[in-house]
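Positions in the sequence shown are counted from 1; adding 9 to them yields the working numbering.
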Amino acid sequence: MVLYGYTIGDADINPSQGGEQVAVYRFPISSPNSTPQRVGEINTGSIPNRDLEGLGTNPTTGRASALNEARASGSTAIDPTVIRVNNVDQPFAPATASPTRTPSDLRRFGFDSGADFGRDFSVGSQPVVLYNISGNGDTDNGVVGSSLYKITTANPGTLSLVDGFGPATTTAQRRGTQPTNSEFADGLAIDNLNPGRTRAFASDFRNADGDANELYKVDLLTGQLSAPIALRTPSGQALNLDLDSGLAFTNSGSQRLLALLETGAVYEITGYQDELAASGLGLGSATGSNGAGFATARLLGTVPLPSAASGDIDYEGFTIVNE
Numbered sequence: 010m011v012l013y014g015y016t017i018g019d020a021d022i023n024p025s026q027g028g029e030q031v032a033v034y035r036f037p038i039s040s041p042n043s044t045p046q047r048v049g050e051i052n053t054g055s056i057p058n059r060d061l062e063g064l065g066t067n068p069t070t071g072r073a074s075a076l077n078e079a080r081a082s083g084s085t086a087i088d089p090t091v092i093r094v095n096n097v098d099q100p101f102a103p104a105t106a107s108p109t110r111t112p113s114d115l116r117r118f119g120f121d122s123g124a125d126f127g128r129d130f131s132v133g134s135q136p137v138v139l140y141n142i143s144g145n146g147d148t149d150n151g152v153v154g155s156s157l158y159k160i161t162t163a164n165p166g167t168l169s170l171v172d173g174f175g176p177a178t179t180t181a182q183r184r185g186t187q188p189t190n191s192e193f194a195d196g197l198a199i200d201n202l203n204p205g206r207t208r209a210f211a212s213d214f215r216n217a218d219g220d221a222n223e224l225y226k227v228d229l230l231t232g233q234l235s236a237p238i239a240l241r242t243p244s245g246q247a248l249n250l251d252l253d254s255g256l257a258f259t260n261s262g263s264q265r266l267l268a269l270l271e272t273g274a275v276y277e278i279t280g281y282q283d284e285l286a287a288s289g290l291g292l293g294s295a296t297g298s299n300g301a302g303f304a305t306a307r308l309l310g311t312v313p314l315p316s317a318a319s320g321d322i323d324y325e326g327f328t329i330v331n332e
């Protein structure tokens, strides 16, 4: 078995054809500098929020799914269409569905999205669902923050807001004009080797929200984010990259936590285990690895994805599949 990282570009690779044709790529996790393989193309139609920024791997089926961003820019409609595309990994067999919003006026907040599969802790049987964190990290686009959503795996499935902490959900939060969390995040990784309602991380490698690069623990039952876990370089300096990110656990064998940035750079994050193991949204002990509230990000390499270095195409979604 080989671990492959999957990502999807955000630009139309066949502009002469109708709709938006985006390319799916994979690369071996053991060799991120190697030339990626083009797996196939997905037609996301002509909707304004067509970028497939959220990627996750279902622990039950082993298949990867993609989810579109909530909003394309500050001047576009809020979450006009929700698209989930299953089977974007090998064997490539993309199947698109538009989940039903519950309630019908629900709209996702933000512009940048991350996704991953995990258990639904609000149900006794804990079925697997697709979680989506969607946020705004730029003050030019309005209030900074993020909200957590979940989509059932049925076809087409249902989309709902995860908000079980603090005051009752407001109309603005339900309609996507206000976030439930004041912290921005656009990557999501859920621990499916040792499942638990707070064994998940969200990532923020942006600076436009006024802080440096960070992780947050995620409560999958309430949607609440923890205090920040500051990311540092191996030399102990604050990581300061200002890029969109995707986040994924290997979820097989010796578990690893990796981030893919929009340029194709791949980072391995270490020293997070005490934070992940801490009760609830706690961040562990000061005597733990790296101390409480800190983790280390080390550059493994850069995937030579088409037009990534120039910035003409961004690659923001990321998941890992064991094939």
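Glycine residues also receive a C-beta, built at the ideal position from the N, C-alpha and C atoms.
Being a predicted model, the structure only gives us computed values, none of them experimental.
The secondary-structure analysis by DSSP pairs I238 across a beta bridge with L224. About 5 Å separates the Cβ atoms of S155 and A194, confirming a contact at the 8 Å cut-off.
Here the region 33–49 makes no contact with the region 83–90; the two share fewer than three CB pairs at distances below 8 Å. With a cutoff of 8 Å on beta-carbon distance, R307 and E277 are scored as near each other. If you check the CB distance, Y324 and G133 do not come in under 8 Å. Here the region 181–201 does not lie against the region 238–246, with fewer than 3 beta-carbon pairs under 8 Å apart.
For N331, the beta-bridge partners assigned by DSSP are L12. Under the three-state reduction of DSSP output, R110 falls in the strand class. Bridge partners of S122 according to DSSP: S143. Contact annotation: V137 and T69 have beta-carbon atoms nearer than 8 Å. In the structure shown, the three-state DSSP call for R93 is strand. Burial state of P237 is buried, judged by a 10 Å Cβ sphere holding 16 or more other Cβ atoms.
In the structure shown, D21 adopts coil according to DSSP, grouped into three states. Following the DSSP letters along the chain, one finds Q282 inside the alpha helix (DSSP H) bounded by residues Q282 to A286. In the DSSP annotation of this structure, R117 is not part of any beta strand (DSSP E), being labelled neither H nor E. The C-alpha of T186 lies about 8 Å from the C-alpha of R116.
Our two residues, V171 and R59, have alpha carbons roughly 23 Å apart in a direct line. R307 sits in a strand when the DSSP states are folded into three classes. In the assembly as shown, N164 is an exposed residue. Its beta-carbon has fewer than 16 other beta-carbons within 10 Å. Rounded to whole angstroms, the Cβ separation of G127 and N331 is 17 Å, and the two are not in contact under 8 Å.
The C-beta of V11 has fewer than 16 other C-beta atoms within 10 Å across all chains shown, which makes the residue exposed.
Here DSSP, grouped into helix, strand and coil, assigns R128 to strand. With distances taken between CA atoms, L267 lies nearest to F210 out of F210, G320 and G293. Assignment of Q182 by DSSP, reduced to helix, strand and coil, places it in the helix class. By a beta-carbon distance limit of 8 Å, L270 contacts D253. Their separation comes to about 7 Å. The bridge partners DSSP lists for R35 are Y15 and Q46. The closest CA to that of D121, considering only G65, L61, P89 and S131, is found on L61.
Nearest C-alpha to L139 among S131, T148, D149 and D125: D125.
Exclusion of the five residues before and after T161 leaves V138 and T167 as the residues of its chain whose Cβ lies within less than 6 Å of its Cβ. Cβ-Cβ distances below 7 Å link S107 to T90, V91, I92 and P165 in the same chain, with the five nearest sequence neighbours on each side left out; the list follows chain order. Excluding five sequence positions before and after T231, the CB atoms of its chain that fall closer than 6 Å to its own CB belong to G173 and F174, given in chain order. Contact check for L224 and Y281: beta-carbon distance about 7 Å, within the 8 Å limit, so the pair qualifies.
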